[in-house]
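Here the protein sequences come in this chain order: W and P. Quick note, this note's numbering runs 216 ahead of the 1-based positions in the first sequence. Quick note, this note's numbering runs 216 ahead of the 1-based positions in the second sequence. Ideal Cβ positions, reconstructed from N, Cα and C, are used throughout, including at glycine. One structure below.
2 protein chains.
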Amino acid sequence: MKRDSSGKTLADYPRPSVAVDTAVLTVAPGGTLEVLLVRREGARQKDAWALPGTFLHEGERLADAVRRSLEQKAGLRETRTPRQLHVFDDPGRDDRGRVLSVAHVVVLPWDVVAAVVEARPDDVRLRPVTDVGRLRFDHPEIIERAVDEIRADHRERPDPERLLAEPFTLPQLRRVHEAVAGRSLQPDSFRRRMTPHLRDTGETQEGAVGRPAVLYVRVNGRRPGDATERDRR
Amino acid sequence: MKRDSSGKTLADYPRPSVAVDTAVLTVAPGGTLEVLLVRREGARQKDAWALPGTFLHEGERLADAVRRSLEQKAGLRETRTPRQLHVFDDPGRDDRGRVLSVAHVVVLPWDVVAAVVEARPDDVRLRPVTDVGRLRFDHPEIIERAVDEIRADHRERPDPERLLAEPFTLPQLRRVHEAVAGRSLQPDSFRRRMTPHLRDTGETQEGAVGRPAVLYVRVNGRRPGDATERDRR
DNA sequence: GTAATAGTGTCTATGAGACACTATGCG
DNA sequence: CGCATAGTGTCTCATAGACACTATTAC
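And the structure:
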């Protein structure tokens, strides 16, 4: 057993439990930004919903605990690298004892999230981030931080969460960004901001009413897992 | 003992040790941004320095653990509300066992930091953030995140960390911001950015060579502890 | 007066918003 | 053709940088 400078091992220090709680965000076809909620286990009241979470297992990384919680609590298998938001450490925040919770955000395409909601409609639901209902603990603040985080990432870069499959049109891209931003965006200044990060494929979208839109792919494209809070500054 | 939905108590889950590590930043009179380092306890090599840190005690909040570590490791008594930066969770990051570390940043006025360095020069030192020397673990990344964090806070607001006592002149303020930014700033555009957040006291600074500078105080002044990562967005 | 520092008026480049205008498909 | 949607040229406004210019003190 390793000992530190006071001759103590790590087991001699009291250790809190560590949990992860995750805001899974997605863009609904209607153009709203929605968050995934799961029914609270063992809840006394009906309609008791919460963000999916779990306790960190031995030797497990935080990101892996997030992935495990999403699979266990919501049946989500395809997830991307979660991003940390904040550690909540209020000693009274869990009545079972001292629990630190590391809040995370994960953004997923609509189909992936909609499929699990359809599979388990009694246990899993989606709510617009502007109307999440009554939630436990500090979960509304986690959602607020999650939304702030991904809004900041969407300001300069086209679909940094890769919600759209390539190639896509500028109007498609704009609709995703409008859902994230929670407001409509000017087509012209949106185009100016985004085209430096896009490459024209020369193809156009077929079969729609109106003038066909040009199809683009991302350039300088970072993979979703690369994006961290720090990249923004 | 409280039990959860699986009939387990919290003690049935393995718990990691939780530590805090803190980058204490200050602005030296020479105009450099510096970080406080402490000599590693029980270090085998000489010149083994690290950011001050400690293990979280039972029932203790993270911010209180930060304050305690700064007093114990560096003799710093006057500290302000620390801000969280990131949780480092690499399972191999501490050879004594599984340790999560929550990185923080604290910004303090020069006199406060200089006093403790003078009191314990063998155990405590300051280094420019651009040249920290060889550090253990993930400490250089913590410093990088700390600097990014406070640079972002200084972009729009005059001296958000209250390093200057009121009233102060615009050139004094600019010198602080230049140290934080790590580069010189245009006097005129700096003035334009800052004056909306300042109130002219009508007084001027006496006794210096050259035209006397007008003294200002902050308006809309949040207290240091109020500022969080989220306020920036 | 000169030296030194504080403060400002103004030009220019950049980028966002607004908005009207053009372009190109479908029926 | 008309309708619907995509895309652009251009004006205006706000802001940052650059830089020369003025202002006010000590000596």
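Per-residue burial, residue i [other beta carbons within 10 Å of its own, 16 or more giving buried]
| i | result |
| --- | --- |
| residue 293 (chain P) | exposed |
| residue 295 (chain P) | buried |
| residue 350 (chain W) | exposed |
| residue 300 (chain P) | buried |
| residue 285 (chain W) | buried |
| residue 424 (chain W) | exposed |
| residue 371 (chain W) | exposed |
| residue 365 (chain P) | buried |
| residue 444 (chain P) | Caution applies to residue 444 (chain P), whose pLDDT of 41 falls short of 50 and renders its modelled position unreliable; the value that the coordinates give is listed next. Exposed: under 16 other Cβ atoms inside 10 Å. |
| residue 279 (chain P) | buried |
| residue 242 (chain P) | buried |
| residue 399 (chain W) | exposed |
| residue 381 (chain W) | exposed |
| residue 334 (chain W) | exposed |
| residue 310 (chain W) | buried |
Segment limits, beta strand (DSSP E) that includes residue i
| i | result |
| --- | --- |
| residue 182 (chain W) | What the structure shows of chain W is the stretch from 217 to 449, and residue 182 (chain W) is not part of that stretch, so it cannot be assessed. |
| residue 317 (chain P) | 315 to 323 |
| residue 344 (chain W) | 340 to 344 |
| residue 255 (chain W) | 249 to 255 |
| residue 433 (chain P) | 430 to 434 |
| residue 269 (chain W) | 269 to 271 |
| residue 299 (chain P) | 299 to 304 |
| residue 236 (chain W) | 233 to 243 |
Close-in-space but distant-in-sequence residues of the same chain around residue i (CB under 6 angstroms, 5 per side omitted)
| i | result |
| --- | --- |
| residue 256 (chain W) | 264 and 266 |
| residue 289 (chain W) | 254 and 268 |
| residue 328 (chain W) | 294 |
| residue 439 (chain W) | Its pLDDT being 45, under 50, residue 439 (chain W) is placed unreliably by the model, and the measurement read from it follows with that caveat. None. |
| residue 325 (chain W) | 379 |
| residue 363 (chain P) | 345 |
| residue 283 (chain P) | 295 |
| residue 446 (chain W) | Any reading at residue 446 (chain W) must be qualified, since the residue scores a pLDDT of 41, below 50, and its modelled position is unreliable; the value itself is stated next. Closer than 6 angstroms at Cβ, skipping near neighbours: no residue. |
Residue range of the alpha helix (DSSP H) that includes residue i
| i | result |
| --- | --- |
| residue 335 (chain P) | 326 to 335 |
| residue 386 (chain P) | 386 to 397 |
| residue 209 (chain P) | With chain P running from 217 to 449 in the structure shown, residue 209 (chain P) is simply not present. |
| residue 454 (chain W) | Given that chain W is displayed from residue 217 to residue 449, the structure contains no residue 454 (chain W) and the question cannot be resolved. |
| residue 405 (chain W) | 403 to 410 |
Cβ shell of residue i (< 7 angstroms), same chain only, five flanking positions each side left out
| i | result |
| --- | --- |
| residue 281 (chain P) | 236, 270, 272 and 273 |
| residue 359 (chain W) | 239, 251, 345 and 348 |
| residue 314 (chain P) | 232, 233 and 307 |
| residue 407 (chain W) | 386 |
| residue 343 (chain P) | 250, 251, 253 and 349 |
| residue 421 (chain W) | 385, 428, 429 and 431 |
| residue 305 (chain W) | 316 |
| residue 413 (chain P) | 373, 374, 434, 435 and 436 |
| residue 332 (chain W) | 290, 291, 292 and 340 |
| residue 247 (chain W) | 391, 394 and 395 |
| residue 361 (chain W) | 301, 302 and 319 |
heavy atom of the ligand COA below 8 angstroms from residue i C-beta
| i | result |
| --- | --- |
| residue 417 (chain W) | With respect to small molecules bound, the structure shown includes none, and the ligand COA cannot be examined in it. |
Within chain P, the residues that residue i reaches when beta carbons sit closer than 9 angstroms
| i | result |
| --- | --- |
| residue 204 (chain W) | Given that chain W is displayed from residue 217 to residue 449, the structure contains no residue 204 (chain W) and the question cannot be resolved. |
Residues near residue i by beta carbon distance below 8 angstroms, same chain, minus five either side
| i | result |
| --- | --- |
| residue 303 (chain P) | 316, 317, 318 and 319 |
| residue 415 (chain W) | 432, 433, 434 and 435 |
| residue 383 (chain W) | 417, 419, 431, 432 and 433 |
Amino acids of chain P, ordered along the chain, whose beta-carbon sits closer than 7 angstroms to that of residue i
| i | result |
| --- | --- |
| residue 452 (chain W) | The displayed coordinates of chain W run from 217 to 449. Any statement about residue 452 (chain W) would go beyond what the structure contains. |
| residue 316 (chain W) | 234 |
Where residue i meets chain W, residues with beta-carbon distance less than 8 angstroms
| i | result |
| --- | --- |
| residue 277 (chain P) | 305, 306 and 307 |
On the three-pair Cβ rule with 8 angstroms, is the stretch 368 to 378 of chain P touching the stretch 388 to 400 of chain P? yes
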